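Peer 1: I have a structure I would like to understand better, so I am pasting it below and will then ask my questions one at a time.
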Amino acid sequence: RLFSAETSGLGKGPDAERKLSMEQLLDLAGAGNKAVQEAFSETGSYLGMALANVVNLVNPGRVVVDGRMFFDETAREAMLKTAGEAFYGLNEEETEIRFLPADAFRGACAAAVGACECFLIEGGGRTDDQKGKGTDDQA
651 RLFSAETSGL
661 GKGPDAERKL
671 SMEQLLDLAG
681 AGNKAVQEAF
691 SETGSYLGMA
701 LANVVNLVNP
711 GRVVVDGRMF
721 FDETAREAML
731 KTAGEAFYGL
741 NEEETEIRFL
751 PADAFRGACA
761 AAVGACECFL
771 IEGGGRTDDQ
781 KGKGTDDQA
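According to the working numbering, the sequence shown is numbered sequentially starting from 651.
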């Protein structure tokens, strides 16, 4: 729908073949372009369903979401609404979802934070019955 000729001015005129950047799409959504807002809402809903599937499968406790699309409130709300409707059991209450600014290195940073929390703050990441059984403890 977003890139069809029916969308209020998008895809028409001499720049019809030009691709829009995420910044341009965000500007259009912020200016009230219904086609872009609907596309962000639909995309957010699909991502919300994907998020719910992952959370229901592995129950991570915390999910970090970034991406320039989520600067748009419509996309965030659609994702949270769809995920909330698809979570099983207590996952909606037990899973913290954080939206962070887009960053090319966010995944690596999030992994580092998770590792630090696990090993430094929460006591090493192993239960008492696992200690002494890893390869690093064998000498």
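Glycine included, C-beta positions come from ideal geometry on N, C-alpha and C.
Since the structure is predicted, the reported quantities are computational estimates derived from the model, not experimental observations.
1) Given Phe-737, which residues of its chain have a CB within under 8 angstroms of its CB, disregarding the five upstream and five downstream residues?
2) Could you give the uninterrupted runs of the beta strand (DSSP E) lying entirely in the region 707 to 762, keeping only those of 3 residues or more?
3) Around the C-beta of Arg-651, are 16 or more other C-beta atoms found within 10 angstroms, so that it is buried, or is it exposed?
4) When you compare each of Phe-769, Phe-749 and Ala-679 to Gly-717 by their alpha carbons, which one comes out closest?
5) Kindly indicate which residue of Thr-724, Asp-722 and Met-729 has the alpha-carbon position closest to the one of Val-713.
6) From Ala-689 to Met-719, what distance separates their C-alpha atoms?
7) Which residue wins for smallest C-alpha separation from Ala-761, given the options Ala-725, Ser-691, Leu-676 and Val-715?
8) Can you tell me where the alpha helix (DSSP H) holding Gly-680 begins and where it ends?
9) What does the alpha-carbon distance come out to for the pair Gln-674 and Leu-770?
10) Pick out whichever of Glu-735, Thr-724 and Ala-681 has its Cα sitting closest to the Cα of Glu-692.
Peer 2: Taking the geometry as given:
1) Position 87 of the sequence shown holds residue 737. Excluding residues within five positions, the ones whose Cβ falls inside 8 angstroms are Ala-702, Val-705, Asn-706 and Thr-745.
2) 712 to 716 and 746 to 750
3) For the purposes of this step, residue 651 is taken as residue 1 along the sequence shown, with counting starting at 1. Reliability fails at Arg-651, whose pLDDT of 49 lies under 50, so the model's placement of it is uncertain and no value is given.
4) Here residue 717 is taken as the residue at index 67 of the sequence shown, counted from 1. Nearest to Gly-717 by C-alpha distance, out of Phe-769, Phe-749 and Ala-679, is Phe-749.
5) Here residue 713 is taken as the residue at index 63 of the sequence shown, counted from 1. The shortest C-alpha separation from Val-713 is found at Met-729.
6) Residue 689 sits at position 39 when you count from the first residue of the sequence shown. Residue 719 sits at position 69 when you count from the first residue of the sequence shown. Going from the Cα of Ala-689 to the Cα of Met-719 covers about 11 angstroms.
7) Within the sequence shown, the letter at position 111 stands for residue 761. For Ala-761, the nearest C-alpha among the options comes from Val-715.
8) Stepping through the sequence shown from its first residue, residue 680 is reached at position 30. It spans 672 to 680 - the alpha helix (DSSP H) in which Gly-680 sits, taken as one unbroken run.
9) Locating residue 674 in the sequence shown gives position 24, counting from the first residue. Locating residue 770 in the sequence shown gives position 120, counting from the first residue. Cα-Cα distance, rounded: 42 angstroms.
10) The residue labelled residue 692 in the question sits at position 42 within the sequence shown. Selected option, being the one with the closest Cα: Thr-724.
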